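Taking it in order: structure first as structure tokens, then the write-up.
Residue numbers (the working numbering): 907 to 1142.
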């Protein structure tokens, strides 16, 4: 059976490796997009505009309350129709099909952003308010306060939670296989059907996911230790 995993003709090693690469690409882009969405939603939740605060609260509540697969289906089937409708308003009569990769990234980023928003919001609120008040008393403007005081400390508080969001995002990429995108789970499914060796390919996929999640966990732990260096010296 291991001959089926070799690279080259007659083996599925190339396809499995390519699928793992697509999985990593979707995860990285989705996590980055989720950080942007999460930061905007957290800023809206913490801001004084009631309308923006309400929109952000609805976004985080709804997205966290429905399955990620449902979000993928809605964007996959509804996204093309919506884009075609907008194009039709400008005189284009054809139908526009969105790529499975773009839909997958957008869907997973939407889910990731809802969870990242709560992590970021909690991290910002954990920064002692006395520090920002002291900064304002010294004449620091809002942008400088964010850059020098709030963001560095909030990042330290947010890292553990963002590590969990990354792990969730990485595993949610498996759901994108329903759009026929050739990521790791989709390639494993096709290979298991073609060779009638489902355990071999699904166990291989599980092993690859374990390698990715273990390496990611080690990277976030390193980042947390680095972020805590100054704090530990101050405590001592």
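Here a beta-carbon is modelled for each residue, glycine too, at the ideal position from N, C-alpha and C.
Owing to the predicted nature of the structure, the values given are computational and were not obtained by experimental measurement.
Close Cβ partners of residue i (< 8 Å) along its chain, the five nearest in sequence each way excluded
| i | result |
| --- | --- |
| residue 951 | 959, 962, 963, 966, 1023 and 1027 |
| residue 919 | 911, 912 and 913 |
| residue 1108 | 1094 and 1098 |
| residue 1134 | 1062 |
| residue 904 | Since the first residue shown for the chain is 907 and the last is 1142, residue 904 is missing from the structure and cannot be characterised. |
| residue 1119 | 1073, 1076 and 1077 |
6 Å Cβ shell around residue i - same chain, five flanking residues per side excluded
| i | result |
| --- | --- |
| residue 897 | Outside the modelled stretch of the chain, which goes from 907 to 1142, sits residue 897, for which no answer is possible. |
| residue 996 | none |
| residue 1060 | 1029, 1030 and 1033 |
| residue 1067 | 1025 |
| residue 1037 | 1055 |
Selected residue, minimal CA-CA separation from residue i, among the options
| i | options | result |
| --- | --- | --- |
| residue 1063 | 1131, 1009 and 938 | 1131 |
| residue 988 | 976, 977 and 1002 | 1002 |
| residue 926 | 1036, 1065, 1114 and 1042 | 1114 |
| residue 1021 | 917, 936 and 1123 | 936 |
| residue 981 | 1042, 1011, 954 and 1035 | 1011 |
| residue 1070 | 1058, 940, 923 and 915 | 940 |
| residue 1111 | 1123, 1124, 1125 and 1092 | 1092 |
Buried/exposed call for residue i, threshold 16 Cβ in 10 Å
| i | result |
| --- | --- |
| residue 1054 | exposed |
| residue 1098 | buried |
| residue 998 | exposed |
| residue 976 | exposed |
| residue 1117 | exposed |
| residue 1065 | buried |
Neighbourhood of residue i by C-beta, 7 Å cutoff - its chain only, sequence neighbours within 5 removed
| i | result |
| --- | --- |
| residue 993 | 1002 |
**Request:** Pair every Cβ in the segment 1046-1058 with every Cβ in the segment 928-947, then say whether three or more of these pairs are closer than 8 Å.
**Result:** no
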